[in-house]
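Q: Dropping a structure here in C-alpha cells format, bear with me for questions.
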Amino acid sequence: KGMRFVGGESAALGRVHEYFWKNDQLKVYKETRNGMLGPDYSTKFSPWL
Numbered sequence: 006k007g008m009r010f011v012g013g014e015s016a017a018l019g020r021v022h023e024y025f026w027k028n029d030q031l032k033v034y035k036e037t038r039n040g041m042l043g044p045d046y047s048t049k050f051s052p053w054l
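The opening position of the sequence shown corresponds to residue 6 in my numbering, with each subsequent residue numbered one higher.
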C-alpha cells in the first residue's frame, strides 16, 4: 500500500515539520534515504516540489 499525498502548501509544511521535528528523521537520513517502503524512508518531499 502506498503513501497518500495531499497537495498544497499546508500539507507540504506539515510534512517538513513531521520529518524534521516530530520524528527527528534528519539524524538517520543517510541510512534511510534510498528506502522505498514506509513514510520515514527518504524525505518524500518530491510531490510538493
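Using N, Cα and C, we set each Cβ at its ideal position, and we do this for glycine too.
1. Look at the alpha carbon of E23 and the alpha carbon of L31, and state the distance between them as a whole number of angstroms.
2. Alpha carbon to alpha carbon, what distance is there between S47 and A16?
3. According to DSSP, is Y34 helix, strand or coil?
4. What does the alpha-carbon distance come out to for the pair M8 and M41?
A: The answer reads as follows:
1. Position 18 of the sequence shown holds residue 23. Position 26 of the sequence shown holds residue 31. So the two alpha carbons sit approximately 11 Å from each other.
2. On the sequence shown, residue 16 is found 11 positions in, with the first residue counted as 1. On the sequence shown, residue 47 is found 42 positions in, with the first residue counted as 1. Note on geometry: alpha-carbon atoms of A16 and S47 lie some 17 Å from one another.
3. Against the sequence shown, residue 34 aligns to sequence position 29. Of the three classes helix, strand and coil, the one that applies to Y34 here is helix, per DSSP.
4. Looking up residue 8 in the sequence shown gives position 3. Looking up residue 41 in the sequence shown gives position 36. The alpha-carbon of M8 is positioned some 11 Å away from that of M41.
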